[in-house]
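Top to bottom, those sequences are chains A and B. Each number in our numbering corresponds to the 1-based position in the first sequence with 22 added. Each number in our numbering corresponds to the 1-based position in the second sequence with 2 added.
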Amino acid sequence: MPPTEYTFQDNAAKNATAAAGGGLPDDTPIFDTEKMSLSMGPSHPSTHGVLRLQLELDGDTVTHCEPVIGYLHRGDEKIAENMTYNQFVPYTDRLDYLAPLANNVAYAIAVEQLAGLKVPPRCEAIRVLVAELARISSHLLGFGSFAMDTGAWTPFLYQFTEREKLYTLFEELTGARFTTSYTRIGGLARDLPEGWLGRVSAFCDQFLPRLEEMLAMLTRNKIFLDRTVGIGVISKEDALGYGLTGPNLRGSGPSFDLRKDKPYSGYEKYEFDVPVGTTGDCYDRYLCRGEEIRQSVRIVRQVIKNMPDGPWYAADSDEARRIFAPRKDKVLTKMEELINNFMIVTAGPQMPAGEAYFEAENPKGALGFYIVSKGGGVPWRMKIRSPSFCTLSILPKLCKGVMMTDIVSILGSLDFVMGECDR
Amino acid sequence: MSAANTTATTSAAAGSAIIAALHESFSQIADKITPRASADHPAVNVPAADAVAVLTHLRDVRGYDMLADLTAIDWAEGASPRFTVVWHLLSTERAPGAYLRVAADCASDTEPEMPSVAAIWPVANWHERETFDMFGIVFTGHPDLRRILMWDGYPHYPLRKEFPLAGIEGELPDPEVAGETKTKVIPAPMAGGPFVASSGGELNLSEAEPRAKDESWNERTQKN
């Protein structure tokens, strides 16, 4: 884009033109309406990462908004074509890096769907548990940074305290606070540590009152309401047409939730409600996230109460044994297991030829993996369907005609992550 | 495994139902609408020229109101047809959670083209830009077909199979930055990893070894 040059007539020149009888035509507005172009981002506190918005402004009104993405493009899909299925698990951590556990779960289920592999109930329950904890963590930051963008610092700091407690739990479970890499194709990296469920339960007990405190600071807050109610309204048709999913879709009315409508990993066993909005504005999306956190706590408690015993990885068939590596003690003592382990590590988990597409209800929306396999341990093609990518594609339409300051509210309410958008 | 088999059976039944329905609605091209092998959802192959008509029909008459995903597959140089565009449709209201995979092969292997569906689902605008960016498939009728993840003027299509994992040396997008830093776009250093493997099923250990792809050093020549 060539740089635009702006010229401003000074007052003396204007007066001179008027005195000379030239004057201004009657329909000339009093103010100079020359449009200004403004590059917002890629390093701007409210673009949440490296999103850049190329704005065209008429005064304070946005007349054109062009999102520029790709600053965080790492070629994850290309990388996936060059490594075995389990080797890609750490890369999924770095998609939506605010909910790595949920990404791990979505990816593992997608590959298992390709293999037609069923994992045991305990594995499914643990996956639901960690995915919901990831949702709590992600939504906390989602509304916390949204609040901060609209001028409220306190909820942001409060929610970080709670997320810290979650990270301590994640660290105990996976060995890492952030980049968890917890799932394996056909199972998990390890079983739950002893007493961990009790600590999750204790977290939930102390968390709920804290959550209500945080939400109460915003839900009836005059400043927050002024910044969000009626701002960034997305109609139901637009939400569906632009492929919005998760709270961004449900804020506009449709109650579509993959956990209810296409249950996976045993979600049909748990009771929970799906909150929906009525107007589709920034405030409705905030309310949906707040209620989803409460519902996630509800699911977590049910999982803990009904946690099944038994194996936590698939090992009951020949297919499963070609996918999930044998236990270490057996690898070190038995020849067949040693060979099997060697094959799984070097050649990868063995998949049939075919195609599979799986979407999981992640905190940011539906995270999908489309895997094309020609057989063997490496995918031929893997497409990652990123919810943030679809969410951002609505910005040119949504931001047209809004005030410049409202863009900050809209971005905050859409709760996107560039690591996932750019892949 | 029984649960997985049941799912496969139901999706096969749903697949033949949707194909029968499409045959009825598009009787002139019925022989070109064929079932597609799938491990999970119903899947159908359609001819590229009629893709937009079929997809519009699926949205308006069959209730697939959301375009969940749009992407392409490169079957590698030498394969014909080389490029396949894949749409994943999702129904959120009529049959919540029902997916349908629609695929169409691009007629040309060297200058692939596909009609755009951006007028039917606005989200396709960005998906098609990404597919164009990564594969070089031109979506005819797209309102604004530009690169989206790579920068304007980037000369390659990274997800094509002949594009190397490490990348290709080239010029930086901004000549001013390039002049100041005197650097280029450099291929990623691959020493020691990632552990590169290839699709296809056969195990090639010399390729799976991390050093195999980096020929700048080995046991005899020192690493720089």
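In this text, a Cβ means the ideal position worked out from N, Cα and C, and glycines have one as well.
Cβ shell of residue i (< 8 Å), same chain only, five flanking positions each side left out
| i | result |
| --- | --- |
| alanine 6 of chain B | In this predicted model, alanine 6 of chain B has a pLDDT of only 46, less than 50, meaning its place in the structure is not dependable; the value taken from the coordinates is given anyway. Nothing meets the Cβ criterion. |
| glycine 275 of chain A | Lys258, Ala261, Val298, Gly299, Thr300 and Gly302 |
| histidine 59 of chain B | Leu24, Ser27 and Phe28 |
| proline 175 of chain B | Trp153, Asp154, Gly155 and Tyr156 |
| proline 143 of chain A | Gly288, Pro330 and Gly332 |
| threonine 133 of chain B | Leu72, Thr73, Ala74, Val87, Ile139 and Phe141 |
| histidine 95 of chain A | Asp444 and Arg445 |
| glycine 138 of chain A | Glu341 and Pro374 |
| tryptophan 218 of chain A | Leu191, Glu194 and Leu195 |
| alanine 45 of chain B | Gly17, Pro37, Arg38, Ala39, Leu102, Arg103, Val104 and Ala105 |
Residues bridged to residue i (per DSSP)
| i | result |
| --- | --- |
| valine 353 of chain A | According to DSSP, valine 353 of chain A bridges with nothing at all. |
| tyrosine 379 of chain A | A/Tyr392 |
| alanine 241 of chain B | One cannot answer for residue 241 of chain B here, as it falls past the ends of chain B, which runs 3 to 226. |
| isoleucine 406 of chain A | A/Phe391 |
| arginine 206 of chain A | A/Gly209 |
| aspartate 58 of chain A | Per the sequence presented here, residue 58 of chain A reads as methionine, with aspartate not at that position. In DSSP, methionine 58 of chain A forms a bridge with A/Leu79. |
| methionine 425 of chain A | A/Thr83 |
Simplified DSSP assignment, three categories, for residue i
| i | result |
| --- | --- |
| glutamine 30 of chain B | helix |
| glutamate 442 of chain A | helix |
| threonine 83 of chain A | strand |
| proline 401 of chain A | coil |
| serine 287 of chain A | coil |
| threonine 201 of chain A | coil |
| threonine 36 of chain B | strand |
| methionine 329 of chain A | coil |
| proline 385 of chain A | coil |
| leucine 195 of chain A | helix |
| proline 142 of chain A | coil |
| proline 374 of chain A | strand |
| arginine 344 of chain A | coil |
| glycine 215 of chain A | According to the sequence as given, residue 215 of chain A is proline; it is not glycine. Coil, per DSSP. |
| valine 255 of chain A | coil |
| isoleucine 366 of chain A | helix |
| aspartate 52 of chain B | helix |
| threonine 241 of chain A | helix |
Short Cβ contact (7 Å threshold) for residue i with residue j
| i | j | result |
| --- | --- | --- |
| threonine 434 of chain A | phenylalanine 168 of chain A | The identity of residue 434 of chain A in the sequence shown is glycine, whereas the question assumes threonine. Yes, Cβ-Cβ distance for glycine 434 of chain A and phenylalanine 168 of chain A is below 7 Å. |
| asparagine 270 of chain A | threonine 176 of chain A | no |
| arginine 185 of chain A | serine 318 of chain A | no |
| isoleucine 131 of chain A | tyrosine 286 of chain A | yes |
| proline 409 of chain A | alanine 388 of chain A | yes |
| leucine 167 of chain B | asparagine 104 of chain A | yes |
| serine 118 of chain B | glycine 143 of chain B | yes |
| serine 68 of chain A | proline 385 of chain A | no |
| cysteine 304 of chain A | threonine 368 of chain A | no |
| tyrosine 264 of chain A | proline 145 of chain B | no |
| threonine 202 of chain A | proline 122 of chain A | yes |
Close beta carbons around residue i, own chain, < 6 Å, minus the five adjacent residues each side
| i | result |
| --- | --- |
| tyrosine 292 of chain A | Ile321 and Gln324 |
| methionine 58 of chain A | Leu79 |
| aspartate 107 of chain B | Pro83 and Thr86 |
| tyrosine 93 of chain A | Pro64 and Val72 |
| methionine 170 of chain A | Phe178 |
| tyrosine 180 of chain A | Met236 |
| isoleucine 150 of chain B | Arg131, Glu132 and Asp135 |
Beta-carbon proximity list for residue i, same chain, < 7 Å, skipping 5 on both sides
| i | result |
| --- | --- |
| alanine 19 of chain B | none |
| leucine 210 of chain A | Cys145, Ile148, Tyr204, Trp334 and Tyr335 |
| glycine 376 of chain A | Leu136 and Ser395 |
| glutamine 372 of chain A | Arg344, Ile345, Gly398 and Gly399 |
| methionine 239 of chain A | Ala174, Thr176 and Pro177 |
| leucine 436 of chain A | Asn270 and Thr413 |
| aspartate 213 of chain A | Trp334 |
7 Å Cβ cutoff, residue i in contact with chain E
| i | result |
| --- | --- |
| alanine 41 of chain B | Included in the structure are the protein chains A and B, with no chain E among them. |
Review point. What are the uninterrupted segments assigned as alpha helix (DSSP H) that are 4 or more residues long and contained completely in the stretch 63-111 of chain B, given in chain order?
Key: For the alpha helix (DSSP H) assignment, the stretch 63-111 of chain B encloses no uninterrupted run of at least 4 residues.
Check your understanding: Which runs of the alpha helix (DSSP H) fall wholly inside the stretch 102-188 of chain B and span at least 4 residues, in chain order?
Key -> 126-137 and 177-183
Check your understanding: Fully enclosed by the stretch 267-326 of chain A, which alpha helix (DSSP H) runs are 4 residues long or longer?
Key -> Fully enclosed alpha helix (DSSP H) runs of 4 or longer: 269-272 and 280-283.
Practice item. Write down every uninterrupted run of the beta strand (DSSP E) in the stretch 63-129 of chain A whose length is 3 residues or greater and which is fully enclosed by it, in chain order. Key: DSSP runs (the beta strand (DSSP E)) wholly in the stretch 63-129 of chain A: 74-80 and 83-90.
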